[in-house]
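>
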Amino acid sequence: MNRISLLGLVLMVLLLGSAGVAHAHPHGWVDLGMTVQFDDRGRVTALQQRWRMDPFYSLVVMEELAAEESADSMEERLDLLGLEIRDNLATREYFTEIDHGGRPVAVGEVEDYSIRRQGGRLVFSFLLPLEKPLALADTPLRYQVFDPSYYIEVVHEAEDETPRADALTLRGAGEACHAQIIAADPDPAKVARAAQLDVDESAEPGLGRFFAETGEVVCEA
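Quick note: the sequence shown, position 88, residue 141 per our numbering, numbers continuous.
1) Answer with buried or exposed for ARG156, where buried requires no fewer than 16 other C-beta atoms within 10 angstroms of its C-beta.
2) Would GLY225 and GLN90 be called neighbours here (beta carbons separated by less than 8 Å)?
3) Measure the C-alpha to C-alpha separation of PHE264 and ALA124 and round it to an integer number of angstroms.
4) By how many angstroms is the C-alpha of ARG169 removed from the C-alpha of LEU118?
5) Once DSSP output is grouped into helix, strand and coil, what is the label at GLU269?
6) When you compare the CB positions of ALA274 and ASP152, do they come within less than 8 Å of one another, or not?
7) How is the beta strand (DSSP E) around TYR196 delimited, first residue to last?
8) Suppose contacts are defined by Cβ-Cβ distances below 8 Å. Is ARG195 in contact with PRO108 by that definition?
9) So, ARG103 versus SER167, is the Cβ gap smaller than 8 Å?
10) Taking all protein chains shown into account, do 16 or more other C-beta atoms lie within 10 angstroms of the C-beta of ARG217, making it buried, or fewer, making it exposed?
11) Residue range of the alpha helix (DSSP H) that LEU133 falls in?
12) Just the C-alpha distance for LEU229 and VAL271, rounded to the nearest angstrom, thanks.
13) For GLN197, is the classification buried or exposed, using 16 other Cβ atoms within 10 angstroms of its Cβ as the cut-off for buried?
14) According to DSSP, simplified to helix, strand and coil, what is GLU210?
15) So if DSSP puts LEU85 in a beta bridge, which residue, or which two residues, is it bridged to?
16) Just mark HIS76 as buried or exposed, buried being the case when its beta carbon has 16 or more other beta carbons within 10 Å.
17) Does DSSP put ILE57 in a helix, a strand or coil?
18) Could you pull the start and end residues of the beta strand (DSSP E) that ALA232 belongs to?
19) Take GLY259 and list the residues in its own chain whose beta-carbon comes closer than 8 Å to its own, dropping the five residues that flank it on each side.
20) Who does SER167 pair with in a DSSP beta bridge?
21) With a CB to CB cut of under 8 Å and the five nearest residues on each side skipped, what residues in its chain are close to VAL208?
Written out as structure tokens, the structure is:
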């Protein structure tokens, strides 16, 4: 398989999914690790994200990369794949929505990213900078990371359905800041709607938002 068809498989199936077509259940998942970064003035500057792809898709991608006829090393092939993933996610705001006091928070361009194989799974990591440093000032910052089509489910790293300690962490924050992960609580009508969808039926845009967990960061004055 050449690079064009390989990237078509990876980007459309692994990350970009069906681009507006949702199914009764996600066809894959991403385990999310999030670190909210603060500067020395106590302002949020970036969200460091770690996406661990599910084992099946990781296996498919690695097999395709290994079978590719190319003089590139595996590390170079992964680097090219990471670039394509970054570029495609950029057109979708990196699957990330950030809110502060009811207002959306603008983000900048991702320049720091990598993709590597760890423990049999592909891990895509990237630093998502805010467009401007943000002082929380007693107002919670909230974010959601989700595939709008709900083709890929994104959940914080968990063990026995309990988020792991490293699923959401703060870096550079003062002692007055704390974070929590809020479980999704979709309206029963949305759950029923998702369950009724056939494989070739289009869902309303943004269905994935209703099934997304919310990360919340609060800094008390």
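Every residue, glycine too, gets a C-beta built ideally from N, C-alpha and C. None of the values given here were measured: they were computed from a predicted structure.
Looking at the coordinates:
1) Numbered from 1 along the sequence shown, position 103 holds the residue referred to as residue 156. So ARG156 ends up on the exposed side.
2) Here residue 225 corresponds to residue number 172 of the sequence shown, with the count starting at 1. Here residue 90 corresponds to residue number 37 of the sequence shown, with the count starting at 1. Yes, the Cβ-Cβ distance between GLY225 and GLN90 is below 8 Å.
3) Translated into the one-based positions of the sequence shown, residue 264 becomes position 211. Translated into the one-based positions of the sequence shown, residue 124 becomes position 71. Each residue's Cα considered, the two are about 42 Å apart.
4) The residue labelled residue 118 in the question sits at position 65 within the sequence shown. The residue labelled residue 169 in the question sits at position 116 within the sequence shown. Approximately 12 Å, taken between the alpha carbons.
5) One-based indexing of the sequence shown puts residue 269 at position 216. Of the three classes helix, strand and coil, the one that applies to GLU269 here is strand, per DSSP.
6) Taking the sequence shown and counting its residues from 1, one reaches residue 274 at position 221. Taking the sequence shown and counting its residues from 1, one reaches residue 152 at position 99. In this structure, ASP152 does not lie closer than 8 Å to ALA274 by Cβ.
7) Residue 196 sits at position 143 when you count from the first residue of the sequence shown. From DSSP, the beta strand (DSSP E) with TYR196 extends over 194 to 198.
8) Against the sequence shown, residue 195 aligns to sequence position 142. Against the sequence shown, residue 108 aligns to sequence position 55. No, the Cβ-Cβ distance between ARG195 and PRO108 is not below 8 Å.
9) Taking the sequence shown and counting its residues from 1, one reaches residue 103 at position 50. Taking the sequence shown and counting its residues from 1, one reaches residue 167 at position 114. No, the pair does not count as a contact, with Cβ atoms beyond the cut-off.
10) One-based indexing of the sequence shown puts residue 217 at position 164. With fewer than 16 other Cβ atoms within 10 Å, it is exposed.
11) Position 80 of the sequence shown, counted from the first residue, corresponds to residue 133. First-last of the alpha helix (DSSP H) with LEU133: 127 to 143.
12) Within the sequence shown, numbered from 1, the residue matching residue 229 stands at position 176. Within the sequence shown, numbered from 1, the residue matching residue 271 stands at position 218. Contrary to the premise, residue 229 reads as Ala rather than Leu in this sequence. Going by the C-alpha atoms only, they are around 8 Å apart.
13) Sequence index remark: in the sequence shown, residue 197 carries index 144 (1-based). Buried, because 16 or more other Cβ atoms sit within 10 Å of the Cβ of GLN197.
14) For this step, residue 210 is matched to residue 157 along the sequence shown. DSSP places GLU210 in coil when its eight states are reduced to three.
15) Numbered from its first residue, the sequence shown carries residue 85 at position 32. Note: LEU85 sits in a beta bridge opposite TRP104, HIS209.
16) Residue 76 sits at position 23 when you count from the first residue of the sequence shown. With a pLDDT of 41 at HIS76, under the threshold of 50, the predicted position of this residue should be treated as unreliable, and no value is reported.
17) Taking the sequence shown and counting its residues from 1, one reaches residue 57 at position 4. For ILE57, the pLDDT reaches just 39, beneath the cut-off of 50, and the residue's location in the model is therefore unreliable, although a value from the coordinates is still provided. DSSP places ILE57 in helix when its eight states are reduced to three.
18) If you number the sequence shown from 1, residue 232 lands on position 179. 230 to 235 is the extent of the beta strand (DSSP E) around ALA232.
19) Here residue 259 refers to the residue found at position 206 of the sequence shown. Contacts found: PRO201.
20) Here the question's residue 167 lines up with position 114 in the sequence shown. Beta-bridge pairing links SER167 to SER178.
21) As a first step, residue 208 is located in the sequence shown; it is residue number 155 there, counting from the start. Counting only Cβ-Cβ distances below 8 Å, and skipping sequence neighbours, we find TRP82, VAL83, ASP84, LEU85, GLU266.
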